[in-house]
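Shown next, in the form of structure tokens:
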């Protein structure tokens, strides 16, 4: 083998090893800008662009603006008020591995000109590769982009579970059937399609799910629900908008 070709193959191999597990966010929100670890401290900086109006769900710690992400040595530079608009441009996530504690900070700019960091949550909204692209499926003459989202949902009616998303080109694998003494079927989502479809007057995505028996397949999201407050699908952008917005 040519010497230069051999070196190129080795470099390609190591590049594959290093980046094979890098989650794909298509250069959008959630894309990792940098990742580092020093001792027991791990830091991930992600791209995140969103405009949010501060509401009554944002408590005082969310509305305090600091000059750096972290309380140690940081100085307060501003306080957000109800109705203020902020533009977010990235998420800074610091994890103390020794205590398994995480703090996620948002880099923001206010309409009034102030900029800095606000503490968002004790978890990374993109942790465990949430909302990363995990598949592309061509079925029924359509292309479906599938993003990872693991959460609980419920179904209250007989529902067909299909082998691929969409009514066209799919096959029914089995049915979800609520019991007479328990009208609620609990499922675990594994992913959602970015694309939507309109069925029975409802427009929603398709949900890749797993039931209590371990059976997997696709259901139309319009027939699902969640017995809790907040958005039905815990997509990071929707969760952050809700957490900082109004009731």
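Numbering (the working numbering), first residue to last: 1473 to 1719.
Built from N, CA and C at the ideal position, the CB exists for glycine as well.
The structure displayed is predicted, hence computed values, not measured ones.
Reduced DSSP secondary structure (H/G/I, E/B, other) of residue i
i, result
"residue 1663", "strand"
"residue 1579", "strand"
"residue 1520", "strand"
"residue 1532", "helix"
"residue 1592", "strand"
Rounded distance between the beta-carbons of residue j and residue i, thought under 8 Å
i, j, result
"residue 1661", "residue 1679", "5 Å"
"residue 1554", "residue 1537", "Going by Cβ atoms, the distance from residue 1554 to residue 1537 rounds to 15 Å, so no, they are not a contact pair."
"residue 1658", "residue 1684", "7 Å"
"residue 1519", "residue 1562", "6 Å"
"residue 1711", "residue 1665", "19 Å between Cβ atoms; not a contact."
"residue 1716", "residue 1539", "Contact doesn't hold; Cβ gap of about 20 Å is too wide."
"residue 1524", "residue 1558", "6 Å"
"residue 1581", "residue 1625", "The pair is not a contact, with the Cβ atoms about 35 Å apart (cut-off 8 Å)."
Inter-residue spacing [alpha-carbon to alpha-carbon] between residue i and residue j
i, j, result
"residue 1598", "residue 1616", "21 Å"
"residue 1517", "residue 1530", "22 Å"
"residue 1640", "residue 1509", "47 Å"
"residue 1704", "residue 1620", "15 Å"
"residue 1707", "residue 1606", "15 Å"
"residue 1687", "residue 1655", "19 Å"
"residue 1491", "residue 1627", "Unreliable placement is indicated for residue 1491, whose pLDDT of 42 sits below 50; the coordinate value is still reported in the next sentence. The alpha-carbon atoms of residue 1491 and residue 1627 are separated by roughly 38 Å."
"residue 1701", "residue 1623", "14 Å"
"residue 1649", "residue 1579", "46 Å"
"residue 1595", "residue 1673", "36 Å"
"residue 1527", "residue 1613", "43 Å"
"residue 1631", "residue 1512", "47 Å"
"residue 1542", "residue 1671", "47 Å"
"residue 1514", "residue 1575", "11 Å"
"residue 1603", "residue 1583", "29 Å"
"residue 1493", "residue 1500", "17 Å"
Own chain, CB closer than 7 Å to residue i, minus 5 neighbours either side, in chain order
i, result
"residue 1668", "1675, 1676, 1677"
"residue 1611", "1636, 1637, 1638, 1641, 1642"
"residue 1498", "1605"
Residues of its chain near residue i, where Cβ-Cβ distance is below 8 Å and the 5 sequence neighbours each way are ignored
i, result
"residue 1718", "1525, 1527, 1528, 1529"
"residue 1608", "1615, 1616, 1617, 1618"
query: Does the count of Cβ pairs from the segment 1684-1700 and the segment 1490-1505 closer than 8 Å reach three?
result: no
- prompt: Are the segment 1587-1606 and the segment 1535-1549 touching, with three or more C-beta to C-beta distances below 8 Å?
  reply: yes
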